[in-house]
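Participant:
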Amino acid sequence: LENVNVAVANPYDVIIDNDLIKNAGHHLEDLVQQRKVMIVTDENVASYGYLGTLQEAISPITTDVNTITLPAGEAQKSSANYIRLQEELATLNYSRSDVLIALGGGVIGDLVGFTAATYLRGIPYIQIPTTLLSAIDSSVGGKTAIDLPQGKNLVGAFYQPARVLCDLTTFHTLSQSIFEDGCAELIKYGMILDSDLLNNLMTRDQPLNALSEDLAAVVKRCVEIKRSVVLEDELDLGLRQLLNFGHTIGHAIEQVSHYKVSHGRGVATGMILTQLMAEKEGLTALSLADRFNNLLNQYHLLDQVHVSKEHTFEDILAAMTNDKKRRGGEITEIFPESFGKCELKTITFDQYAGWLETIFT
Ligand code: NAD
Ligand code: ZN
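Okay, structure coming up:
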């Protein structure tokens, strides 16, 4: 017996600071110098000037820069855009020593990441997340995807970026509502693994915002949690599934609303409904719900979604049957046990549907 251990790992840095885009020439020099660089962004992000600032910042280190500016919104995470980007790269003769930059929120990050994962079987890409949600969650960890009409994130790959620049300055132009979407993932991190983070959020004088003094520390904490989970379970076979707290129902709500409900709001509603299921089934301490509800309400995360009125239980269940996390006739769901602690539980889909139905009635 011969054994060859193929330990593949590509460590990368996540840099968190103000003015990173302005100083991208310095922060990306080793990755970008003398390369072709394709920057992909969306119209909002470009309109706030971040694209121009980035182009200017890297102009001393590379002259070969192409840009693609897509409209904003979840609909852009499409197979049509995926093919468009691939063809653009091929037309411009991009090689594996060139680089892509995703400048924007999770939509741009997921689309560009998946493009990078598959063009020439993989070309390096850099994440420059410009929303709180993408900074603390989607830009780190290497999950990339596009949506199909049949469901969200159905086609994708695990493919890690070469670097992540979380430029906190970009949060200044986020609307309150988009900032709050990020807070849904923040609360998720607290709920699954970090009661200190949750306490911090519950005991603040003012809700977290783009000007909070400890914003960098909070973002760093989330990235650390994500890092530790991904290091243990890059391919989402066990522990990493905790990060899907609220997401099974959340994705279904997003899909049923034709993405009018944002990812953050969908997840927040998913978290509270899962919490209610856990309570009804005796999986959690009863006292959790009020405080959890209050916290989500502080960030207006439950304002826009009135699940029982707008979407029937049947709609949501139908959307969930396409969920890729469902294996065979079973589903693994993440149930809160206490603040800072969630548990994975695999149950039959029929049982899950039954539990869900009881909280709709
Ligand atoms: P998004 O990319 O649609 O951005 C939200 C809105 O903010 C858009 O209109 C965008 O144009 C605008 N915007 C972005 N940066 C801005 C800025 N600095 N100032 C003003 N406006 C700005 O959405 P998102 O909430 O960032 O990400 C959601 C997506 O991320 C979903 O598709 C979700 O599935 C995905 N996601 C992926 C992972 C992962 O691990 N890959 C994790 C969580 C979420
Ligand atoms: Zn999410």
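Just so you know, the working numbering puts the end of the sequence shown at 1124, numbered straight through with nothing missing.
Cβ coordinates follow ideal geometry from the N, Cα and C atoms, glycine included.
Since we're looking at a predicted model, the values are computed, not measured.
(1) Apply the 10 Å Cβ neighbour rule to His-1010 and answer buried if 16 or more other Cβ atoms are within range, or exposed otherwise.
(2) At the level of alpha carbons, what is the spacing between Leu-971 and Val-986?
(3) Across which residues does DSSP place Asn-829 in a beta bridge pair?
(4) Could you say which of Leu-848, Ser-1101, Gly-1027, Cys-929 lies nearest to Ile-779 if we only look at CA atoms?
(5) Ends of the alpha helix (DSSP H) at Ser-940?
(6) When you compare each of Ile-1110, Cys-1105, Thr-816, Val-800 to Met-954 by their alpha carbons, which one comes out closest?
(7) Let me check you understand the geometry: is the CB of Ser-842 closer than 7 angstroms to at least one non-hydrogen atom of ligand 1?
(8) Rounded to the nearest angstrom, how far is the Cβ of Ala-820 from that of Gly-868, given a contact under 8 angstroms?
(9) Compute the distance between the beta-carbons of Leu-814 and Thr-826, then report whether it is under 8 angstroms.
(10) In whole angstroms, what is the alpha-carbon distance linking Leu-1059 and Ala-853?
(11) How long is the line joining the alpha carbons of Pro-924 and Thr-881, rounded to whole angstroms?
(12) With a threshold of 7 angstroms, establish whether the CB of Gln-850 neighbours any heavy atom of ligand 2.
(13) Does the beta-carbon of Glu-995, which I'm using as the reference point, lie nearer than 7 angstroms to any heavy atom of ligand 3?
(14) Within the structure, which residues are defined as neighbours of ligand 2 by a Cβ-heavy atom distance below 6 angstroms, reported in chain order?
(15) Expressed to the nearest angstrom, what Euclidean distance is found between the alpha-carbon atoms of Asn-844 and Gly-872?
(16) Are any of the Cβ atoms in chain B nearer than 8 angstroms to that of Gly-885?
(17) Below 6 angstroms CB to CB, which residues in the same chain sit around Asn-916 once its five sequence neighbours on both sides are set aside?
(18) Give the secondary structure of Ala-879 by DSSP, where H, G and I count as helix, E and B as strand, and everything else as coil.
(19) Grouping DSSP H, G and I as helix and E and B as strand, with all else coil, what is Asp-782?
(20) Which residue wins for smallest C-alpha separation from Phe-1098, given the options Ala-1052, Glu-995, Val-981, Val-982?
(21) Is it the case that the CB of Asn-916 approaches a heavy atom of ligand 1 more closely than 7 angstroms?
(22) Are the CB atoms of Ile-831 and Leu-848 within a distance shorter than 8 angstroms?
(23) Measuring from the CB of Ser-897, is there a heavy atom of ligand 1 at a distance below 7 angstroms?
(24) Roughly how many angstroms separate the alpha carbons of Leu-974 and Tyr-1115, rounded to a whole number?
(25) With a threshold of 16 other CB atoms inside 10 Å of the CB of Asn-773, please say whether the residue is buried or exposed.
(26) Please name the residue, chosen from Arg-1028, Glu-995, Ala-1015, that lies closest to Asp-910 on a Cα-to-Cα basis.
(27) Any idea if Val-769 is buried or exposed, counting beta-carbon neighbours within 10 angstroms, 16 or more meaning buried?
(28) Three or more beta-carbon pairs under 8 angstroms between the stretch 956–970 and the stretch 873–893, yes or no?
(29) For the beta strand (DSSP E) holding Arg-847, just list the boundary residues, first then last.
(30) Taking Cys-946 and Tyr-1022 to be in contact with their CB atoms under 8 angstroms, please state how far apart those CB atoms are, rounded to whole angstroms.
(31) Using the beta-carbon count (16 or more within 10 Å), is Val-767 buried or exposed?
Facilitator: By the coordinates alone:
(1) Within the sequence shown, residue 1010 is the residue found at index 247, counting from 1. It is buried - the Cβ of His-1010 has at least 16 other Cβ atoms within 10 Å.
(2) For this step, residue 971 is matched to residue 208 along the sequence shown. For this step, residue 986 is matched to residue 223 along the sequence shown. Computed Cα separation, rounded: 17 angstroms.
(3) Locating residue 829 in the sequence shown gives position 66, counting from the first residue. Partner(s): Met-801.
(4) The residue given as residue 779 occupies position 16 in the sequence shown. It is Cys-929 whose Cα lies nearest to the Cα of Ile-779.
(5) For the purposes of this step, residue 940 is taken as residue 177 along the sequence shown, with counting starting at 1. That run of the alpha helix (DSSP H) goes 939–956.
(6) For the purposes of this step, residue 954 is taken as residue 191 along the sequence shown, with counting starting at 1. Cα-wise, what sits closest to Met-954 is Cys-1105.
(7) Translated into the one-based positions of the sequence shown, residue 842 becomes position 79. Ser-842 Cβ: outside cutoff for every heavy atom of ligand 1.
(8) Looking up residue 820 in the sequence shown gives position 57. Looking up residue 868 in the sequence shown gives position 105. Incorrect: roughly 20 angstroms between the Cβ atoms, too far for contact.
(9) Reading the sequence shown from its first residue, position 51 is the one you call residue 814. Reading the sequence shown from its first residue, position 63 is the one you call residue 826. No, these two residues do not count as a Cβ contact at 8 angstroms.
(10) For the purposes of this step, residue 1059 is taken as residue 296 along the sequence shown, with counting starting at 1. For the purposes of this step, residue 853 is taken as residue 90 along the sequence shown, with counting starting at 1. Distance between the alpha carbons of Leu-1059 and Ala-853 is about 45 angstroms.
(11) Taking the first residue of the sequence shown as 1, we reach residue 924 at position 161. Taking the first residue of the sequence shown as 1, we reach residue 881 at position 118. So the alpha carbons of these two residues sit roughly 13 angstroms apart.
(12) Here residue 850 is taken as the residue at index 87 of the sequence shown, counted from 1. For the sequence presented, residue 850 should be read as Glu rather than Gln. Not under cutoff, so the answer is no.
(13) Ligands present in the displayed structure are limited to ligand 1 and ligand 2, and ligand 3 is not among them.
(14) Asp-900, Glu-948, His-1010, His-1026, Val-1030
(15) Translated into positions along the sequence shown, residue 844 becomes position 81. Translated into positions along the sequence shown, residue 872 becomes position 109. Pairing Asn-844 with Gly-872, the inter-Cα distance amounts to about 13 angstroms.
(16) The question asks about chain B, but that chain is absent: this structure has only one protein chain.
(17) Working through the sequence shown from its first residue, we reach residue 916 at position 153. Result list for Asn-916: Ala-908, in chain order.
(18) Taking the first residue of the sequence shown as position 1, residue 879 is located at position 116. Ala-879 falls in the helix class under three-state DSSP.
(19) Reading the sequence shown from its first residue, position 19 is the one you call residue 782. Asp-782 falls in the coil class under three-state DSSP.
(20) Position 335 of the sequence shown, counting from 1, holds the residue named residue 1098. Selected option, being the one with the closest Cα: Ala-1052.
(21) As a working note, residue 916 is residue 153 in the sequence shown. The answer is yes for Asn-916.
(22) Position 85 of the sequence shown holds residue 848. Position 68 of the sequence shown holds residue 831. Result yes, Cβ atoms of Leu-848 and Ile-831 sit closer than 8 angstroms.
(23) The residue you call residue 897 lines up with position 134 of the sequence shown. For ligand 1, at least one heavy atom lies less than 7 angstroms from the Cβ of Ser-897.
(24) Position 211 of the sequence shown, counted from the start, is the residue given in the question as residue 974. Position 352 of the sequence shown, counted from the start, is the residue given in the question as residue 1115. Leu-974 and Tyr-1115: Cα-Cα distance of roughly 41 angstroms.
(25) Working through the sequence shown from its first residue, we reach residue 773 at position 10. Label assigned to Asn-773: exposed.
(26) Here residue 910 refers to the residue found at position 147 when the sequence shown is read from its first residue. Considering only alpha carbons, the answer is Ala-1015.
(27) Taking the sequence shown and counting its residues from 1, one reaches residue 769 at position 6. Label assigned to Val-769: exposed.
(28) Two segments are said to touch when three or more pairs of C-beta atoms, one from each, lie closer than 8 angstroms; by this definition the stretch 956–970 does not touch the stretch 873–893.
(29) For this step, residue 847 is matched to residue 84 along the sequence shown. Per DSSP, Arg-847 lies in no beta strand (DSSP E); the unbroken alpha helix (DSSP H) holding it starts and ends at 842–854.
(30) Position 183 of the sequence shown, counted from the first residue, corresponds to residue 946. Position 259 of the sequence shown, counted from the first residue, corresponds to residue 1022. The C-beta distance from Cys-946 to Tyr-1022 rounds to 19 angstroms, too long to fall under 8 angstroms, and the pair is not in contact.
(31) Numbered from its first residue, the sequence shown carries residue 767 at position 4. Flag for Val-767 reads exposed.
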